[in-house]
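J.: Following this message is one structure expressed as structure tokens.
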Amino acid sequence: MLSKFYPDHYVKSSFSINYEKLYKQGYRGILFDIDNTLVKHGADANDEVVELFKRLKSIGFKICLMSNNKLERVERFNKPIAVDFIYKANKPFKKSYLEAMNRIHTNKSNTIFVGDQLFTDVWGAKRVGLRNYLVKPIDPKEEIQIVIKRYFERIVLYFYNKQSKIK
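Spelled out as structure tokens, the structure:
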């Protein structure tokens with residue numbers, strides 16, 4: 010039952026993923042969460058993010074940001090990187106994942122999702138059939154509703170890690 014929340018990959022950060030290898034494997038699109046995936050909650054895109062997105066574009070990736078946040082926040086973050094985005098994405102519902110792929114002209118077989126939350130980012134990606142990467146949150150200081158979700162995430166990740174060691 011908990012396995013429906015298990016990520017396909019659990020990595021240290023968005024910056025530690027081997028994107029060149031993914032491109033060689035045929036992936037062409039990346040959907041990213043923003044807050045605590047690429048930057049601390051509410052922060053603007055920093056130099057590290059700008060460089061990552063330049064690299065991803067030079068590799069050939071099409072990118073779309075997906076955030077449950079408001080337009081102003083997502084536009085502000087996106088200004089220096091200039092990619093497609095969806096705000097108020099209502100993750101984990103499927104509609105925005107499908108819309109994001111439509112915008113960047115990819116499909117579920119050649120798109121990955123990168124995010125920091127199991128019950129929104131990963132579960133939504135899994136519901137659509139996307140390969141997904143769960144990253145460790147950048148900043149432990151979060152809003153109360155996320156802190157509560159993190160408690161339940163730790164339970165799921167405990168069993169995920171236990172099962173991963175068996176394999």
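Our numbering numbers the first residue of the sequence shown as 10 and each following residue consecutively.
Every residue gets a Cβ at the ideal spot worked out from N, C-alpha and C, and that includes glycine.
Every value quoted in this text rests on a predicted model; they were computed, and no experiment measured them.
Going by beta-carbon coordinates alone, are Ile72 and Leu80 separated by less than 8 Å?
T.: The answer is no: Cβ separation not under 8 Å.
J.: Restricting to runs no shorter than 4 residues, where is the alpha helix (DSSP H) found entirely within the region 59-122?
T.: DSSP runs (the alpha helix (DSSP H)) wholly in the region 59-122: 80-87 and 103-113.
J.: Between which two residues does the alpha helix (DSSP H) containing Gly138 stretch?
T.: No alpha helix (DSSP H) contains Gly138, which DSSP labels as neither H nor E.
J.: Along the alpha helix (DSSP H) that carries Tyr28, what are the first and last residues, could you check?
T.: First-last of the alpha helix (DSSP H) with Tyr28: Tyr28 to Lys33.
J.: Taking Ile39 as the reference, which of Pro146, Leu74 and Glu60 has the closest Cα?
T.: Comparing Cα-Cα distances from Ile39 to each of Pro146, Leu74 and Glu60, the minimum goes to Leu74.
J.: Between which two residues does the beta strand (DSSP E) holding His18 run?
T.: Unbroken beta strand (DSSP E) run through His18: His18 to Val20.
J.: Determine the direct distance from the alpha carbon of Asn111 to that of Asp125, and round the result to whole angstroms.
T.: The straight-line gap from Cα to Cα measures roughly 23 Å.
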